[in-house]
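Q:
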């Protein structure tokens, strides 16, 4: 199998593999864990966006995936992408365990917590980010906090979670 096809298969597997076995198999065949799709997303970024398997995240991390690399459009990390799109808190936990920084911001000044609240992600993801040490009072470049976004979207339960964690 040529290199380009192998990279395409790894990117597709990052999206949809149910277990790490498919990832391990492609990596053993020579797939590059640092390859990028046409949008500049690496396999770990795509897994963070589209795959709810923490095992897939862990397999990519074990192979050397960079949890600090940023996608080119919004300068978001895999953790921020997961916070924005992925409903599985285990994915958040896997990325944090791998060293992802909950305080890192994208080009809009948004932390993963602000992104999770602003995008309407599930409360278990928000709670996982808080448990990982997210600053509940961090503000983006529009001077809005996670609490501000929760109030604007009328998510009362999220407001309560944030206030219970010390948000002001």
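Numbering (our numbering), first residue to last: 27 to 194. Note that beta-carbon positions come from the ideal geometry of N, C-alpha and C, so glycine has one too.
1) Beta carbon of residue 172, beta carbon of residue 151: below 8 angstroms?
2) Cα-Cα, which of 125, 97, 106 and 114 is closest to residue 61?
3) At which residues does the alpha helix (DSSP H) containing residue 185 begin and terminate?
4) Would you identify the three-state DSSP class for residue 171, choosing helix, strand or coil?
5) Enumerate in chain order the residues of its own chain whose CB-to-CB distance from residue 155 is below 7 angstroms, with the five nearest sequence positions on each side excluded.
6) Jot down the residue ranges of each uninterrupted beta strand (DSSP E) in the segment 102 to 186, minimum 3 residues, whole runs only, in chain order.
7) What is the rounded straight-line gap between the Cα of residue 190 and the Cα of residue 55?
8) With a floor of 4 residues, list each alpha helix (DSSP H) that falls wholly inside the segment 32 to 70, ordered by position along the chain.
9) Per DSSP, what kind of secondary structure is residue 92 in: helix, strand or coil?
10) Helix, strand or coil for residue 84? Go by DSSP, reduced to three states.
11) Give the secondary structure of residue 73 by DSSP, where H, G and I count as helix, E and B as strand, and everything else as coil.
12) Within 10 angstroms of its Cβ, does residue 175 collect 16 or more other Cβ (buried), or is it exposed?
13) Whole angstroms are fine: how far does the CA of residue 179 sit from the CA of residue 88?
14) Can you check which of these residues, 80, 49, 76 and 163, is closest to residue 120 by C-alpha distance?
15) Tell me whether residue 97 sits in a helix, a strand or coil according to DSSP, three-state version.
16) Alpha carbon to alpha carbon, how far is residue 57 from residue 169?
A: Taking the definition as stated:
1) no
2) 97
3) From DSSP, the alpha helix (DSSP H) with residue 185 extends over 182 to 190.
4) strand
5) 109, 118, 128, 138, 139 and 142
6) none
7) 49 angstroms
8) 46 to 54
9) Coil, per DSSP.
10) helix
11) helix
12) buried
13) Roughly 38 angstroms between the two C-alpha positions.
14) 80
15) coil
16) 42 angstroms
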